[in-house]
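Trainee: Just so you know, the protein sequences line up as chains A and B, in that order.
Residue 246 in this note's numbering sits at position 137 of the first sequence, and the numbers go up by one each step.
Residue 399 in this note's numbering sits at position 392 of the second sequence, and the numbers go up by one each step.
C-beta: ideal position from N, C-alpha, C; glycine also.
All figures in this text were calculated on a predicted structure; none of them were measured in a lab.
The structure's right below; bear with me while I get my questions together.
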Amino acid sequence: MPITVKVLDRPIEDVSYVKATLKGMALTLKHLVNPHKVTVQYPEEKWQISPRWRGTHRMLTTETGKAKCVACGLCPTVCPANCIKLVPGEDEEGNRYPLIFEIDEFRCIFCGYCQEVCPEEAIHVGRHYENAEYSREGFVYDLERLTAQTHPVCEMWDPEDPRGE
Amino acid sequence: MIEPLALLQLVNPQLPPSGTGVFVIATIVKMLIVFTIYMVGVALLTLAERKISAWIQDRHGPNRVGPSGLLQPAADGLKNFMKEETYPEAAYKPLFILAPILSFIPALTTWVVIPFGAPFPTRWGRMDLVVADLPVGFLFILAISSLGVYGIVLAGWASNNKYALLGGLRSSAQMISYEISLGLSTIPVLLLAGNVTLGAIITQQAYGGWNVVNLTIAFFIFLVAAFAETNRLPFDLPEAESELIAGYHTEYSAMKFSLFFIAEYANMVTASALMVTLFFGGYDVPFTPRDNIGPFSGWLTILSVLIFFAKLLFFLFFFMWVRWTLPRFRYDQLMSLGWKFMLPLALAYIIVIAAVVLVLDAAGITRGAMHSSILGAVNVVIVMIVFAILDHGRIISPAYGRIDAARLARLRGVAGRSPLASGGVR
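And the structure:
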């Protein structure tokens with residue numbers, strides 16, 4: 110379907126430049142004196158981000174301080190960006206745990222599938238956006254770092270409550 | 008031998024100083040003060056521009072360097088000094104270096120003849136608050152300000168860059184077109200003042216009322232032409248970011264770019280000062296003739312300087328206000344406005360004003376309230392005619408609109424006669 114452009118029927122005799130200019134200048138003056146500004150003064154003042162914001166990851170821990178992860182391997186499987194590296198291990202009691210769990214935040218596309226697929230609710234994407242680093246290596250978060258994160262985690266979209274009420 | 012007149016001048020501080028020594032020292036001091044204030048003022052104007060643009064767009068503007076961003080110009084200046092000077096390989100270096108200087112110097116020079124305050128008495132005689140009180144004052148400004156276009160054209164040519172060249176070409180076309188209207192719009196002012204010295208024009212306004220009342224149309228023409236002369240929006244075709252990258256200063260970096268930038272703001276200050284002087288009574292303190300004929304005093308000088316700067320700041324604000332309101336003209340709109348509207352209007356206005364002044368002089372009405380109110384009434388009529396009748400799709404041709412049948416037929420006739428239609432190119 111072609112795009113239809115709305116053409117105003119404006120006879121040339123009705124077009125007044127001076128009138129339009131004065132109208133425009135009144136409008137800009139109104140904005141000039143308007144004390145309400147839209148800028149957020151970033152480092153001091155921060156934007157309220159959505160509860161469904163998907164930022165850098167966080168690994169939740171049990172009461173004993175160990176990572177909840179059972180190294181089931183679902184998250185590296187589901188990850189479309191292939192950014193999760195998981196090497197599973199097993200302790201004396203036969204419980205699986207991750208020997209290596211690394212997320213390359215540079216590769217990550219923050220889709221949140223890892224959080225959705227996790228049966229233990231261990232890995233989460235976080236409500237966090239300040240992740241500058243001095244090197245590329247700094248963006249590979251290991252298990253220790255992922256468990257040390259304290260920022261709030263993302264609330265995934267709930268089909269029963271689509272508006273998040 | 009001491010001349011008696013010189014002795015008299017020495018004891019009476021109301022008379023201009025005699026002797027070259029006092030004059031030279033006073034001029035050097037005035038030059039230093041004016042130059043310093045001017046440069047600092049221009050630097051602060053760049054901040055003011057950013058602040059005003061921000062406020063108009065509901066933002067805060069620069070507020071990180073110093074208290075509410077006041078040191079931003081210093082930071083910008085430092086950055087421009089530290090930056091690398093780049094020279095394009097294809098550029099013609101001598102002119103490439105000369106061009107910023109050529110646009111910077113006239114911008115600064117024009118200020119010297121503008122009186123910015125009433126004279127004040129000192130023990131060495133009366134000091135005029137103008138760097139050089141030239142008897143040809145106003146003509147000097149017209150002459151020097153038209154030199155500024157050389158800097159821009161040469162910058163465009165010497166850069167050897169298509170965008171820069173187009174910017175330079177546009178600038179020369181625009182400046183030449185609008186310089187005529189600018190010059191013609193000031194002729195009514197000279198008709199009333201009978202003198203080209205800016206001091207005389209201010210004195211005339213002190214008695215005969217501000218010229219914005221006497222000569223409203225001349226003021227509007229001057230205002231529009233001043234916008235075009237300073238290359239400010241809506242006439243910034245030489246720069247035109249969206250079409251020409253940055254126009255004539257595309258290839259410039261660091262301090263050379265900064266010189267163009269300073270020149271633009273300096274031109275703006277000069278244009279504003281001229282509007283204040285020619286049409287808004289300059290430094291004249293209302294309701295007292297003492298600032299024009301004396302006896303002078305220091306307080307009066309301070310008051311007159313404040314009045315002058317208040318008016319100046321208003322016009323500088325006006326320049327910025329317009330810049331962030333109006334979009335840029337199309338090239339054909341620019342040209343047709345300059346040649347087909349402003350030039351005939353300015354010419355007709357000269358004739359009208361000359362006739363009215365002649366009639367008033369013949370009727371024996373001297374310059375004063377009566378003279379001024381008759382001129383004002385004439386102006387009200389002309390303003391009504393121009394803005395209520397002429398301004399309907401004519402001052403600026405709209406981008407589109409319904410064309411009447413006769414005009415369409417004429418356009419088709421023009422198209423039919425062109426070699427394109429008759430198979431010249433097939």
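Between GLU242(A) and the rest of its own chain, which residues show a CB-CB distance below 6 Å, the 5 nearest in sequence each way excluded?
Mentor: The sequence position of residue 242(A) within the first sequence is 133, counting from 1. Around GLU242(A): PHE248.
Trainee: Since I believe PHE145(B) is in contact with LEU205(B) (beta carbons under 8 Å), could you give me their beta-carbon distance rounded to a whole number of angstroms?
Mentor: Indexing the second sequence from 1 puts residue 205(B) at position 198. Indexing the second sequence from 1 puts residue 145(B) at position 138. Indeed they touch by this definition, with Cβ atoms about 6 Å apart.
Trainee: VAL432(B) by DSSP, collapsed to three states: which one?
Mentor: Along the second sequence, read from residue 1 onward, the residue named residue 432(B) stands at position 425. Low per-residue confidence applies at VAL432(B): pLDDT is 49, beneath 50, and the placement is therefore not dependable, though the value from the model is reported in the following sentence. Of the three classes helix, strand and coil, the one that applies to VAL432(B) here is coil, per DSSP.
Trainee: Given that a residue counts as buried once 16 or more other Cβ atoms are within 10 Å of its Cβ, and exposed if not, what is ALA384(B)?
Mentor: Position 377 of the second sequence, counted from the start, is the residue given in the question as residue 384(B). With fewer than 16 other Cβ atoms within 10 Å, it is exposed.
Trainee: With a 10 Å radius around its C-beta and 16 neighbouring C-beta atoms as the bar for buried, classify PRO271(A) as buried or exposed.
Mentor: For the purposes of this step, residue 271(A) is taken as residue 162 along the first sequence, with counting starting at 1. The residue is exposed, with fewer than 16 neighbouring Cβ atoms inside 10 Å.
Trainee: Quick check: the Cα distance between THR113(A) and SER125(A), rounded to an integer number of angstroms?
Mentor: As a position in the first sequence, residue 113(A) is number 4, starting the count at 1. As a position in the first sequence, residue 125(A) is number 16, starting the count at 1. When rounded, the distance between both Cα atoms is 27 Å.
Trainee: Which residue marks the beginning of the beta strand (DSSP E) containing TRP212(A), and which one marks its end?
Mentor: Walking along the first sequence from the start, residue 212(A) turns up at place 103. It should be pointed out that residue 212(A) corresponds to Ile in this sequence rather than to Trp. Run containing ILE212(A): 205 to 213, per the beta strand (DSSP E) assignment.
Trainee: Using only alpha-carbon positions, find the residue among ALA97(B), GLY423(B), PHE123(B), GLU250(B) that is nearest to GLY288(B).
Mentor: Position 281 of the second sequence, counted from the first residue, corresponds to residue 288(B). Looking at the Cα atoms, PHE123(B) is the closest of the given residues.
Trainee: Return the CA-CA distance between GLY423(B) and TYR157(B), expressed in angstroms with no decimal places.
Mentor: Taking the first residue of the second sequence as 1, we reach residue 423(B) at position 416. Taking the first residue of the second sequence as 1, we reach residue 157(B) at position 150. One C-alpha to the other measures close to 41 Å.
Trainee: Nearest CA to the CA of ASN143(A): which residue from ILE59(B), THR34(B), ILE40(B), THR53(B)?
Mentor: The residue labelled residue 143(A) in the question sits at position 34 within the first sequence. Cα-wise, what sits closest to ASN143(A) is ILE59(B).
Trainee: Name the residue from LEU51(B), GLY216(B), MET327(B) whose alpha carbon lies nearest to the alpha carbon of ALA82(B).
Mentor: In the second sequence, residue 82(B) corresponds to position 75, counting from 1. The shortest C-alpha separation from ALA82(B) is found at LEU51(B).
Trainee: To the nearest angstrom, how far is it from the Cα of HIS233(A) to the Cα of GLN64(B)?
Mentor: Mapped onto the first sequence, residue 233(A) falls at position 124. Mapped onto the second sequence, residue 64(B) falls at position 57. Taking the straight line joining both Cα atoms gives about 39 Å.
Trainee: Thinking just about the alpha-carbon of each residue, which of GLN79(B), PHE267(B), MET38(B), GLY48(B) is nearest to the one in ARG57(B)?
Mentor: The count along the second sequence starts at 1 and reaches residue 57(B) at position 50. Checking every option, the nearest Cα to that of ARG57(B) belongs to GLN79(B).
Trainee: How about LEU141(B) and SER311(B): do their beta carbons lie closer than 9 Å?
Mentor: One-based indexing of the second sequence puts residue 141(B) at position 134. One-based indexing of the second sequence puts residue 311(B) at position 304. Taking 9 Å as the Cβ cut-off, LEU141(B) and SER311(B) do not qualify as a contacting pair.
Trainee: Using a Cβ-Cβ cutoff of less than 7 Å, which residues in the same chain neighbour VAL120(B) once the five nearest sequence positions on both sides are dropped?
Mentor: To locate residue 120(B), count along the second sequence from 1; it is residue 113. So the qualifying residues of the chain are VAL137, ALA139, LEU141, GLY144, PHE147, ILE148, LEU205.
Trainee: Would you mind telling me which residues of chain A sit closer than 8 Å to ARG66(B), beta carbon to beta carbon, in chain order?
Mentor: Counting from 1 along the second sequence, the entry for residue 66(B) is found at position 59. Under the 8 Å cutoff, chain A gives LYS146, VAL147, THR148.
Trainee: How would you label ARG130(B), buried or exposed, when you count the other beta carbons within 10 angstroms and need 16 or more for buried?
Mentor: Stepping through the second sequence from its first residue, residue 130(B) is reached at position 123. The residue is exposed, with fewer than 16 neighbouring Cβ atoms inside 10 Å.
Trainee: Does ASP243(B) pass the burial test, meaning 16 or more other C-beta atoms within 10 Å, or should it be called exposed?
Mentor: On the second sequence, position 236 is the one that residue 243(B) refers to. By the 10 Å Cβ count, ASP243(B) comes out buried.
Trainee: Name the chain B residues that come within less than 8 Å of THR137(A), Cβ to Cβ?
Mentor: What you label residue 137(A) is simply residue 28 of the first sequence in a count that begins at 1. Those are ILE63, TRP328, TRP331, THR332, listed as they occur along chain B.
Trainee: Quick one: measure Cβ to Cβ for LEU323(B) and MET275(B), integer angstroms, because I've assumed they're closer than 8 Å.
Mentor: Locating residue 323(B) in the second sequence gives position 316, counting from the first residue. Locating residue 275(B) in the second sequence gives position 268, counting from the first residue. Between MET275(B) and LEU323(B) the Cβ distance is about 6 Å, and since that is below 8 Å, they are a contact.
Trainee: Identify, in the order they occur along the chain, each residue of the same chain with its Cβ nearer than 7 Å to the Cβ of TRP346(B), setting aside the five sequence neighbours on each side.
Mentor: Counted from its first residue, the second sequence places residue 346(B) at position 339. SER184, listed in sequence order.
Trainee: For the beta strand (DSSP E) containing HIS233(A), list its first residue and its last residue.
Mentor: In the first sequence, the residue the question calls residue 233(A) occupies position 124. Its beta strand (DSSP E) spans residues 232 to 234.
Trainee: Candidates GLY375(B), ILE309(B), LYS318(B), LEU173(B): which alpha carbon is nearest ALA125(B)'s?
Mentor: Translated into positions along the second sequence, residue 125(B) becomes position 118. Among GLY375(B), ILE309(B), LYS318(B), LEU173(B), the Cα nearest to that of ALA125(B) is on ILE309(B).
Trainee: What's the call for PRO268(A), buried or exposed, on a 16-neighbour Cβ count within 10 Å?
Mentor: Counting from 1 along the first sequence, the entry for residue 268(A) is found at position 159. It counts as exposed.
Trainee: By how many angstroms is the C-alpha of PRO101(B) removed from the C-alpha of THR43(B)?
Mentor: As a first step, residue 43(B) is located in the second sequence; it is residue number 36 there, counting from the start. As a first step, residue 101(B) is located in the second sequence; it is residue number 94 there, counting from the start. Looking at the two C-alpha atoms, the distance is approximately 29 Å.
Trainee: Span of the alpha helix (DSSP H) holding LEU195(A)?
Mentor: Along the first sequence, read from residue 1 onward, the residue named residue 195(A) stands at position 86. Looking at the DSSP string, LEU195(A) is not in any alpha helix (DSSP H); the run it does join, the beta strand (DSSP E), is 193 to 199.
Trainee: For HIS166(A), does the three-state DSSP call read helix, strand or coil?
Mentor: Start at 1 with the first residue of the first sequence, and residue 166(A) comes out as number 57. In the structure shown, HIS166(A) sits in a strand (DSSP, three-state: E or B).
Trainee: Please report the Cβ distance between ALA162(B) and HIS256(B), rounded to the nearest whole angstrom; I am assuming they are in contact, meaning their Cβ atoms lie under 8 Å.
Mentor: Taking the first residue of the second sequence as 1, we reach residue 162(B) at position 155. Taking the first residue of the second sequence as 1, we reach residue 256(B) at position 249. About 6 Å; that satisfies the 8 Å criterion.
Trainee: Is there contact here, the segment 152 to 168 of chain A with the segment 66 to 79 of chain B, by at least three beta-carbon pairs under 8 Å?
Mentor: Taking 8 Å as the limit for Cβ pairs, the verdict is that the segment 66 to 79 of chain B does not touch the segment 152 to 168 of chain A.
Trainee: Out of GLY28(B), MET38(B), ARG71(B), state which residue places its alpha-carbon closest to the alpha-carbon of GLN150(A).
Mentor: Counted from its first residue, the first sequence places residue 150(A) at position 41. Taking only the C-alpha atoms, the option nearest GLN150(A) is ARG71(B).
Trainee: Would you mind telling me which residues of chain B sit closer than 7 Å to THR130(A), beta carbon to beta carbon, in chain order?
Mentor: For this step, residue 130(A) is matched to residue 21 along the first sequence. What THR130(A) touches in chain B: LEU333.
Trainee: Spell out whether any CB of chain B is found under 9 Å from the CB atom of HIS260(A).
Mentor: Here residue 260(A) is taken as the residue at index 151 of the first sequence, counted from 1. Not an interface residue.
Trainee: Could you give the uninterrupted runs of the alpha helix (DSSP H) lying entirely in the segment 39 to 99 of chain B, keeping only those of 4 residues or more?
Mentor: If we require 4 residues or more, the alpha helix (DSSP H) runs fully inside the segment 39 to 99 of chain B come out as 79 to 89.
Trainee: Name the residue from PHE326(B), TRP306(B), THR223(B) whose alpha carbon lies nearest to the alpha carbon of ALA273(B).
Mentor: Indexing the second sequence from 1 puts residue 273(B) at position 266. ALA273(B) has its Cα closest to that of PHE326(B), out of PHE326(B), TRP306(B), THR223(B).
Trainee: Would DSSP call ALA176(A) helix, strand or coil?
Mentor: As a first step, residue 176(A) must be located in the first sequence, where it is residue number 67. ALA176(A): strand per DSSP, three-state reduction.
Trainee: For a cutoff of 9 Å on Cβ pairs, would you count PHE229(B) as touching chain A?
Mentor: Along the second sequence, read from residue 1 onward, the residue named residue 229(B) stands at position 222. So, not an interface residue.
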